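A short worksheet on the structure shown next.
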Amino acid sequence: MRRTSVYIVCSPRPAVGKTLIARVLAEFLMLQRGAVSAFDINLREPSLLNYLPRVTETASISDTFGQMALMDRLIVNDGVPKVVDLGFHAFDDFFKMIAEIGFMKEADRRGVDPVILFIPDRDRASAIAWQMLRATFTGAALVPVENEHVLW
Numbered sequence: 180m181r182r183t184s185v186y187i188v189c190s191p192r193p194a195v196g197k198t199l200i201a202r203v204l205a206e207f208l209m210l211q212r213g214a215v216s217a218f219d220i221n222l223r224e225p226s227l228l229n230y231l232p233r234v235t236e237t238a239s240i241s242d243t244f245g246q247m248a249l250m251d252r253l254i255v256n257d258g259v260p261k262v263v264d265l266g267f268h269a270f271d272d273f274f275k276m277i278a279e280i281g282f283m284k285e286a287d288r289r290g291v292d293p294v295i296l297f298i299p300d301r302d303r304a305s306a307i308a309w310q311m312l313r314a315t316f317t318g319a320a321l322v323p324v325e326n327e328h329v330l331w
């Protein structure tokens, strides 16, 4: 059975390189697989959309309709990898939402592999967020992405 990957690029802090990593990953997947779907969840100003407008759409999680529209697209096992650029303003709400709806369990059932790419900062908020992700999503692929410029 083929599996579809969903990459969630996130951090609870601004200016750590989330959009850069989401962009590079989306471009790599486009070259490797021929297709990618990207979602920009930034409450203030979408930025991935500026770099990859043909494959990126803005997504909102501020209301039930927006949440359902996004989750319906992410949970599909269509062989097209998906990249989510999760803005720091939406970090808590997004992970609370996917925990409440059982996204990880449903993703496994449908052949979707979520991968959380977490970019830490040197502050306490990053440490707390990392522990929350590890405790809440025990079976998920949780990958810390070291940005030497930020951690320096």
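The numbering used here numbers the first residue of the sequence shown as 180 and each following residue consecutively. Built from N, CA and C at the ideal position, the CB exists for glycine as well. Being a predicted model, the structure only gives us computed values, none of them experimental.
**Item:** Ile187 classed as buried or exposed, judged by whether at least 16 other C-beta atoms fall within 10 angstroms
**Value:** By one-based count along the sequence shown, residue 187 stands at place 8. Label assigned to Ile187: buried.
**When Ile295, Val262 and Met311 are compared against Val322, the one with the closest alpha-carbon** = As a working note, residue 322 is residue 143 in the sequence shown. Comparing Cα-Cα distances from Val322 to each of Ile295, Val262 and Met311, the minimum goes to Ile295.
**Distance CB(Arg223)-CB(His268) smaller than 8 Å** = For the purposes of this step, residue 223 is taken as the residue at position 44 of the sequence shown. For the purposes of this step, residue 268 is taken as the residue at position 89 of the sequence shown. Yes.
**Request:** Identify, in the order they occur along the chain, each residue of the same chain with its Cβ nearer than 7 Å to the Cβ of Val195, setting aside the five sequence neighbours on each side.
**Result:** Against the sequence shown, residue 195 aligns to sequence position 16. Taken in chain order, the residues that qualify are Ile298, Asp300, Asn326 and Val329.
**Range of the contiguous beta strand (DSSP E) that encloses Phe207** = Position 28 of the sequence shown, counting from 1, holds the residue named residue 207. No beta strand (DSSP E) contains Phe207, which is instead part of the alpha helix (DSSP H) from Lys197 to Arg212.
**Message:** Could you compute how far the alpha carbon of Ile200 sits from the alpha carbon of Arg182?
**Reply:** Taking the sequence shown and counting its residues from 1, the one referred to as residue 200 is at position 21. Taking the sequence shown and counting its residues from 1, the one referred to as residue 182 is at position 3. So the two alpha carbons sit approximately 22 Å from each other.
**Item:** Residues near Arg212 in its chain [Cβ-Cβ closer than 7 Å; skip 5 each side]
**Value:** To locate residue 212, count along the sequence shown from 1; it is residue 33. Closer than 7 Å at the Cβ level, and outside the excluded window around Arg212, lie Pro260.
**Message:** Based on DSSP bridge pairs, tell me the residues matched to Pro293.
**Reply:** Within the sequence shown, residue 293 is the residue found at index 114, counting from 1. Note: Pro293 sits in a beta bridge opposite Val185.
**Request:** Classify Glu236 as helix, strand or coil using the three-state DSSP reduction.
**Result:** Against the sequence shown, residue 236 aligns to sequence position 57. DSSP places Glu236 in strand when its eight states are reduced to three.
**Asked** From what residue to what residue does the beta strand (DSSP E) around Asp302 run?
**Response** For the purposes of this step, residue 302 is taken as the residue at position 123 of the sequence shown. First-last for Asp302: undefined, no H or E at that position.
**Asked** Roughly how many angstroms separate the alpha carbons of Gln310 and Gly258, rounded to a whole number?
**Response** The residue you call residue 310 lines up with position 131 of the sequence shown. The residue you call residue 258 lines up with position 79 of the sequence shown. Taking the straight line from one Cα to the other gives about 31 Å.
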